[in-house]
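One structure below.
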Ligand SMILES: *Cc1c(COP(=O)(O)O)cnc(C)c1O
């Protein structure tokens, strides 16, 4: 029988986290896995079973089915804790919540199992995970080759923070492997790409990037926020680290901010000291919410992809829409790669409405179901315009040069009924005069 993490002990003793905790004791023998103890138990299960069960802690003290919220800042020190501090593997014991907490570990184990990762760390935000991971892999004076279509926060890290450490970045078309190789220099240390870009949904060939990274002895970091481990597992394709904003699909309910990094124990161990220094630890309550959200990840992703495909097909044939980009459409520019690399095409659609940005503004006002908001990946449909949100810092001319045309709309399709979503677009588009 597959066993979950179990906390054994009685109410009168704090030994629950010391002497007779099987899952913590196991760490001694399987130190290479660190806080991803449940990997072996669930690694052969399907993604839904992993979503529900992996990592969850069954508290034998109370019989609670779900992971309790370990709302504590600190833990009683025993022989094992002192020893772990002395031997430099404090990451494997509970000492202080900035270092680690059972609520956080439960999420880490679930995520690592879903991603087929040896190790994971959860952070207080996606940006914290990205900053800690990138800086952990770079030396003073290092060079990075990164996508020229990056999430704004990551672009700021590369463009404003890295130069202060004497580091530099070259930006390149994420789908042009020759152009990427041409940017590699003797001091290049990492390749940094997003699996699916925002807002143009360019799909990068992770396997090809991994081969390139290997050839030049570089590390490949993939931001897989837009695809999730349900669609694609970059580590299996050869990436060294995968980072996610858990604020999006992974949590799925638009009610918290969190992030994570996953990879080999060795590399993730390099990131962990940055977590401590930057103080980017997740709060136990947020960890609890994230674990709860993750339990429905697989079933939610199926609903997102089904709805998005139906809506994308509807929009594609509408005469007021000039372009629809969605990885599930045969017209998708990287359709062949999408069918090869993605098990799920997720819920992000980018489309252009005829009539430009004013028509797009009208559309957002007329829609009843999608809420006007940035972010993505929640159960509710969210809609926004790159020109006045994510790409507002560029001129109209610059946006067009990037491929973001007037009337460009970004839609995160939720898990509402697709008939309702299509009917809503039908009524809104009918009221727009071009
Ligand atoms: C939202 C997002 C981030 C940043 O995550 P936060 O949780 O908001 O810090 C990073 N990358 C991508 C692709 C995102 O969508």
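Residue numbers (the working numbering): 286 to 719. The beta-carbon is built from N, C-alpha and C at its ideal position, and this holds for glycine as well.
Pull the bridge partners of residue 723 from the DSSP assignment, please.
One cannot answer for residue 723 here, as it falls past the ends of the chain, which runs 286 to 719.
Using only the heavy atoms of ligand 1, determine whether one of them is closer than 7 Å to the beta carbon of residue 536.
no
Which same chain residues end up closer than 7 Å to residue 584 when comparing Cβ atoms and leaving out the 5 residues on each side of it in sequence?
333
Going by C-alpha distance, which of 634, 580, 622 is nearest residue 331?
580
May I have the straight-line CA-CA distance separating residue 413 from residue 560, to the nearest angstrom?
8 Å
Hey, would you say residue 651 sits closer than 8 Å to residue 670, going by beta carbons?
no
In this structure, how does DSSP classify residue 434 when only helix, strand and coil are distinguished?
coil
Tell me whether residue 703 sits in a helix, a strand or coil according to DSSP, three-state version.
helix
Euclidean distance between Cα positions of residue 481 and residue 361:
44 Å
What residues in its chain sit with their C-beta under 7 Å from that of residue 688, if we drop five residues either side in the sequence?
485
Could you tell me whether the segment 617 to 633 touches the segment 505 to 515, where touching means 3 or more Cβ pairs closer than 8 Å?
yes
With a floor of 4 residues, list each alpha helix (DSSP H) that falls wholly inside the segment 533 to 566, ordered by position along the chain.
550 to 563
Taking C-beta to C-beta, are residue 464 and residue 458 nearer than 8 Å?
yes
Output needed for residue 316: all residues of its chain with C-beta closer than 6 Å, excluding positions within five of it in sequence on either side, in chain order.
Since pLDDT at residue 316 reaches only 40, below the 50 mark, its modelled position is unreliable, and the value read off the structure follows with that caveat. If we look at residue 316 and ignore the five residues flanking it on each side, it has no Cβ neighbours.
Apply the 10 Å Cβ neighbour rule to residue 356 and answer buried if 16 or more other Cβ atoms are within range, or exposed otherwise.
exposed
What is the C-beta distance between residue 544 and residue 411, in whole angstroms, given that I count them as a contact (C-beta under 8 Å)?
4 Å
Our contact map puts residue 491 next to residue 589 with C-beta atoms below 8 Å; I'd like the distance itself, whole angstroms only.
Contact flag wrong, Cβ pair sits at about 21 Å.
Would you identify the three-state DSSP class for residue 403, choosing helix, strand or coil?
coil
Going by other Cβ atoms of all chains shown within 10 Å of its Cβ, with 16 needed for buried, is residue 564 buried or exposed?
exposed
Helix, strand or coil, according to DSSP, for residue 654 in the structure here?
coil
Quick one, which of 516, 525, 717, 551 has its alpha-carbon nearest residue 534's?
516
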